[in-house]
Amino acid sequence: MTRTLTPPEDQQIPERWRRYPRTPVPPEQTTLTTVSLAMTVGTQPVAGETTAIPGVLLVPHVTGEPLRYTGNWRLVHAASGLCVCPAAPIAYAREVAQWYEQAGIDWDRPGAVIADDPATQRTYLALITDLQDARHEHRPLVYARTSWVPWPPQWRIWQDGKPDPGGFDTYADAAAMAECAGPGDGDAQIRRDTTSPGWALRCAAPSCRDRHAWFFDGWDAYTTPHVAGRNAIERDARAVGWREHDPQHWVCSTCTDQHH
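Counted the way full-length UniProt numbering counts, the sequence shown spans residues 1 to 260.
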C-alpha cells in the first residue's frame, strides 16, 4: 500500500504557483502575434514579432521534411505569408527590417503584386548583396550610430584657486559633491574646463542601446564611459574583442559574436 506524503508546512507550494493563466496577454504588453507562412507544401502557422514596418513580421525560419526550426530568422509579409529576406541570425534579421525602412517599398499590397513588382525585385537583389557582404565581414548590415564621441569639458570644484583633480560630467554632480564636502571648505567654486578630456567609444551595432553601447575600462565598468586619447582607447578596445570596420564604426565583442 502506498500513500502520498504531505510536505511540511514550511515547504507547502504557494497557492499562486498552482494557478495557470487562462487569459491572453493584453495587446499593449506584447509584440507577438501569429502568421501563416506560405510554403511550397502549404501554409504553416508560426509565431511572429511585429517590426517597425507595418505588415512585416519577424518569424523563425523553418525548413526540411518534416518542417523544423533552424535557429535562423526571416521577415515575412504578414498578409500573404511571403518571406521577404534570406534566413539569417536574429541580429541580421532585425537589421533587415531597418534596411527595408529606407527602401520605400509599399507593403500595403497583395503578396503577389509585391513579388511581381520589378522595383521590389531590384531592391530584394540589393538586399541579398548587402547582407552577404555584411555577413562575410562579420559586421552589422546597418549602423545605428558613429562610434567616436568627443567628450564634453568637465565640471570641476575649485578651492583656494586650485582645481580638484576629479572632474564631473554635469554641474549637478559637481554641486552635490561640493555640498557633501561641507561648509568648512571655504570658497569652493564650480567651474567648467575649457578643453575636452578626450574621446569615448561606443558600439555602432543597432542591438547595443543606451549606456550598454559604450566602451568601459576595467575600473569604471558600467558606470562611466572610458574617456582618453583615441590611440589608447583603440588599443584597449581591441584587447577585449572590439572590432573596427571603418574609421567611424566599431562593434563590441558581444555584437561581433552575434554577426556571423
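Cβ atoms here follow ideal geometry from the backbone N, Cα and C, with glycine treated the same way.
Residue nearest to Arg145 within the set Ala204, Thr256, Gly198 is Ala204 (criterion: CA-CA distance). Around the Cβ of Gly241, a 10 Å sphere holds fewer than 16 other Cβ atoms; the residue is exposed. 8 Å or more divides the Cβ of Pro247 from the Cβ of Val142.
At least 8 Å separates the beta-carbon of Gly55 from that of Val35. Per DSSP, reduced to three states, the secondary structure at His249 is strand.
The beta carbons of Thr50 and Thr23 sit no closer together than 8 Å. Counting C-beta pairs with one atom in each stretch, the segment 106–123 and the segment 77–86 have three or more that are closer than 8 Å, which means they touch.
In the DSSP assignment, Ser147 is bridged to no other residue. When Arg19, Pro21, Trp250 are compared, the shortest CA-CA separation from Pro140 is found for Trp250. Relative to the Cα of Arg94, the nearest Cα in the group Ser196, His77, Ala52, Ala38 belongs to Ala52.
Secondary structure of His259 (DSSP, three-state): coil. Asp116 and Arg243 have their alpha carbons spaced roughly 40 Å apart. Rounded to the nearest angstrom, the Cβ distance from Gln154 to Ala188 is 16 Å, too far for a contact under 8 Å.
Taking 3 residues as the minimum length, the beta strand (DSSP E) runs contained wholly in the segment 96–160 are 148–150, 155–159, in order along the chain. Burial of Ala237 is indicated by the presence of at least 16 other C-beta atoms within 10 angstroms of its C-beta. In this structure, DSSP gives Ala87 a state outside helix and strand, which the three-state scheme calls coil. Arg230 carries a helical assignment under DSSP once its states are collapsed to helix, strand and coil. Comparing C-alpha distances from Val76 to each of Leu67, Gln102, Gly64, Pro45 shows the shortest one belongs to Pro45. Of all alpha-carbon atoms in Leu37, Leu67, Ala78, Gly71, the one lying nearest the alpha-carbon of Ala88 is that of Gly71.
With fewer than 16 neighbouring CB atoms inside 10 Å of its own CB, Val41 falls in the exposed class.
Between Pro86 and Leu131, the gap from beta carbon to beta carbon is short of 8 Å. Following the DSSP letters along the chain, one finds Leu75 inside the beta strand (DSSP E) bounded by residues 68–77.
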